[in-house]
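Sequential numbering of the sequence shown, starting at 9, is according to my numbering.
Quick reminder that beta carbons are idealized off the backbone N, C-alpha and C, glycines included.
The structure displayed is predicted, hence computed values, not measured ones.
Written below as structure tokens is the structure these notes are about.
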Amino acid sequence: MKLKFDYSSPEAKLTDIRKKMVILSLSRLLLFMVILGVLVVGLSGTYWLTLLFFPLSFLFIFLILKFNDKKDQEQFLKAILDIHLDTKKRSQRELNAFDQGLEFINKKHPYAIDLDLFGTHSLFQLINHTVSPGGKNKLANCMMHLLNPEAAKQKNKAIVELSSKKDFLLSFEALGKAFLKNEKSKRKLYEWLKRPLIWKSWYFLPMIAGPTGGLIILIGVLFGLLPTYFFSLFIFIGLIMLGLVFKPLLDAAKAMPDDGDLKTYYAWSQLLEEESFTEDFLLAYQRPFKDDKILASKALKKLQDQSFVVQNRANLMYLIFNLLFWTDFVVLFRLEKWKKKFGDKIQVWEYTFDNWEALVSMASFMQEEKLKVKVHWQEKPVLHFKGLKHPLIQPKDCVANNFELPEDQKVILLTGSNMSGKTTFMRTIGTNMVLAGMGLSPMATYFSIGEFQLYTSMRNTDSLGESVSSFYAELARIKGLLDNADTDKPIFYLLDEILKGTNTADRILGSEALIRQLIQSSSKGFISTHDIELSDLETKMEELVNYSFHHDIKDEEIVFDYKIKRGPCPNFNAQKLMELMGIKV
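Here's what the structure looks like:
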């Protein structure tokens, strides 16, 4: 299948290809009827006519290959249309239909649960363009293990370059969506590749004698030069000889990957070989496909062809040729030759493809969201951003915020009325820190940050199965923060409504004690609370600063602007909310 496409009108091309498929299908059916007629007439007495079976068979195979090629193009174009639809859904933040990555949810992870990295309406759903389990694992790993500043810079340069290659990204994803439906485990393939070669030198004798002898005897019998029993004798000897390689080929057939897997790998390797990159990061992942003067696409194409043959040996056409010319020996020889030359490379290629899937996902995300902001990594523990938005909120509805946390400030105490935006603001910061740590551009107009280890405690729930209350779960989370805060690497924490599971007096005392302990460490971050009394700590602690979110009441409605402001919150809205719900206070 050709990879160079004009993507401007996939619907029209899809209609045209389907018309050609109908013509090829009808032609193939007609030719098959002609082949049957040739065999019937030839075997009835006009033996020389039987020789037409072979050229007609090759023509039949040619039509099959042409049909399959058009079928591949149809699948590819359908995938292109699906991708366009997915892009539209993502832009509108309609994420329900996308893979949630539930297998990656880990309650003990420092930030994944609280920042909605996985699950319903998650960052994974927004970013993920992978098509295989391996690629999906790579992407999830990138989200859960953030890079240091230097590595993030290098990766960002690579992703920026990759995001400019729109056709490459579209082709790569579409090929995977079209053919890598349910990727088959490669375990049996790798086991087969590790087995010693079973080809014996004397197998060359039947490999040569089969086609030569079969052709001579076939012509001799058809033209009356040899008695008919020669033909039967040759078939009998062939069955004995073919029995020698029957089991090795059967084992190879069981080990071969699905045709769709190999088709995808072959096409992906072609794309990578033909694309030009400048960033060293991308060149390093391109090198396995062009290194040592070996083009992976040629090797994978050979494996695809051999896999197709070995898995279709029960086909009637193949059985006829095999009995006449002992083709199994040729098939085994080519398989063993391929295994000897390329057997140690395919696992490297598969691993590298997984990395490319993750890179293509991140680059596609950057392209779709038009993200171009460069992260300014600082040696000092600071945070400064402008126009920061939450990735999972529809851009037209999302309110951007500006904020600066200088080196001398350690705790931002965040107060505000219910639903005013405190939690969303903190999640916005955390999620964009994840993007930056992945090597992506954050959703902001400016973003500057020091090297932090992210830690959150925002969504602590009870667990009947583990006999854990939500308050105890929060305490365990805070203990994890304090343990991490004792390390050399500074922690950036996001704590939402701390100690909410206890009474007011204990909560205020405990919160103050926690804040004092955190100030003594190298960590810094945000703490949200409804306890306005804690805002008095600003007069006692130079490292603590008050910020808040406000609300207004207009025409019996509560109105929020979702903008962060300096100082503690001047008013709260719980009573008004209860009144609006019919509870008289």
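Which of helix, strand or coil DSSP assigns to residue i
i              : result
glutamine 162  : helix
glutamine 402  : coil
threonine 453  : coil
tryptophan 334 : coil
histidine 392  : strand
leucine 472    : For leucine 472, the predicted model reports a pLDDT of 41, less than 50, meaning its position is unreliable; a value from the coordinates is still stated below. Residue state, collapsed to three classes: coil.
isoleucine 535 : strand
leucine 154    : coil
Proximity below 9 Å, CB of residue i to CB of residue j
i                 : j              : result
aspartate 362     : glycine 142    : yes
tryptophan 364    : proline 219    : no
aspartate 124     : threonine 439  : yes
isoleucine 506    : leucine 522    : yes
threonine 431     : threonine 537  : no
valine 442        : isoleucine 535 : no
phenylalanine 552 : leucine 421    : In the sequence under discussion, the amino acid at residue 552 is leucine, which differs from the phenylalanine named in the question. Cβ atoms of leucine 552 and leucine 421: closer than 9 Å.
leucine 22        : leucine 85     : yes
alanine 260       : leucine 367    : no
glycine 445       : alanine 166    : no
arginine 435      : leucine 542    : no
Closest by C-alpha distance to residue i, when choosing among the options
i                 : options                           : result
aspartate 514     : Leu47, Asp491 and Asp539          : Asp539
phenylalanine 393 : Phe455, Thr439 and Met451         : Phe455
proline 399       : Asp560, Phe62, Leu327 and Leu131  : Leu131
lysine 78         : Leu37, Arg26 and Lys96            : Arg26
isoleucine 516    : Asp544, Leu38, Leu502 and Leu250  : Asp544
glycine 222       : Tyr211, Leu205, Ser240 and Trp207 : Ser240
asparagine 149    : Lys165, Ile31 and Ile113          : Ile113
leucine 311       : Lys271, Glu358 and Lys262         : Lys271
arginine 36       : Asp352, Leu64 and Leu57           : Leu64
phenylalanine 61  : Thr360, Ile328, Gly458 and Ala371 : Ile328
lysine 185        : Ser140, Lys194 and Leu197         : Ser140
proline 18        : Met249, His137, Leu57 and His92   : His92
C-alpha distance - residue i paired with residue j, whole-angstrom precision
i                 : j                 : result
arginine 485      : valine 317        : 57 Å
arginine 574      : valine 390        : 18 Å
aspartate 299     : valine 356        : 12 Å
leucine 233       : isoleucine 227    : 8 Å
serine 475        : leucine 154       : Reliability of the predicted coordinates at serine 475 is poor, the pLDDT of 40 falling under 50, and the value obtained from them is presented with this limitation in mind. Using only the alpha carbons, I get a separation of about 32 Å.
aspartate 267     : histidine 384     : 46 Å
tyrosine 119      : threonine 464     : 5 Å
phenylalanine 40  : arginine 295      : 46 Å
glutamate 415     : tyrosine 555      : 17 Å
phenylalanine 411 : leucine 291       : 38 Å
lysine 380        : proline 498       : 27 Å
glycine 473       : lysine 116        : Note that glycine 473 scores a pLDDT of 45, beneath 50, so its modelled location is shaky and nothing firm can be said.
aspartate 569     : glutamate 158     : 37 Å
proline 576       : phenylalanine 126 : 33 Å
lysine 163        : lysine 345        : 38 Å
lysine 349        : alanine 304       : 12 Å
lysine 52         : isoleucine 43     : Per the sequence shown, the amino acid found at residue 52 is serine instead of lysine. Approximately 14 Å between the Cα atoms of the pair.
phenylalanine 341 : glycine 351       : 14 Å
glutamate 487     : threonine 547     : Note on identity: in this sequence residue 487 is lysine, with glutamate being the wrong assignment. Straight-line Cα distance between these residues: approximately 27 Å.
serine 529        : glutamine 461     : 13 Å
leucine 585       : phenylalanine 180 : Note on leucine 585: pLDDT 48, under 50, position unreliable in the model; the coordinate value appears next. Whole-angstrom Cα-Cα distance: 51 Å.
Start and end residues, beta strand (DSSP E) containing residue i
i                 : result
leucine 413       : 409-413
glutamate 554     : Checking the sequence shown, residue 554 turns out to be asparagine, not glutamate. Element bounds for asparagine 554: 552-557.
threonine 423     : 419-424
phenylalanine 500 : 499-503
First and last residue of the uninterrupted alpha helix (DSSP H) at residue i
i                 : result
valine 383        : No alpha helix (DSSP H) holds valine 383; the beta strand (DSSP E) holding it covers 383-386.
tyrosine 273      : 267-282
tyrosine 198      : 195-202
leucine 448       : Where leucine 448 is concerned, there is no enclosing alpha helix (DSSP H), given that its DSSP letter is neither H nor E.
valine 139        : Where valine 139 is concerned, there is no enclosing alpha helix (DSSP H), given that its DSSP letter is neither H nor E.
glutamine 461     : Where glutamine 461 is concerned, there is no enclosing alpha helix (DSSP H), although the beta strand (DSSP E) it sits in stretches over 461-465.
proline 256       : 236-263
proline 214       : 212-230
aspartate 94      : 61-99
phenylalanine 180 : 174-187
Residue i Cβ short of 8 Å to the ligand ADP heavy atom set
i              : result
asparagine 511 : The model depicted lacks the ligand ADP and carries no ligand whatsoever.
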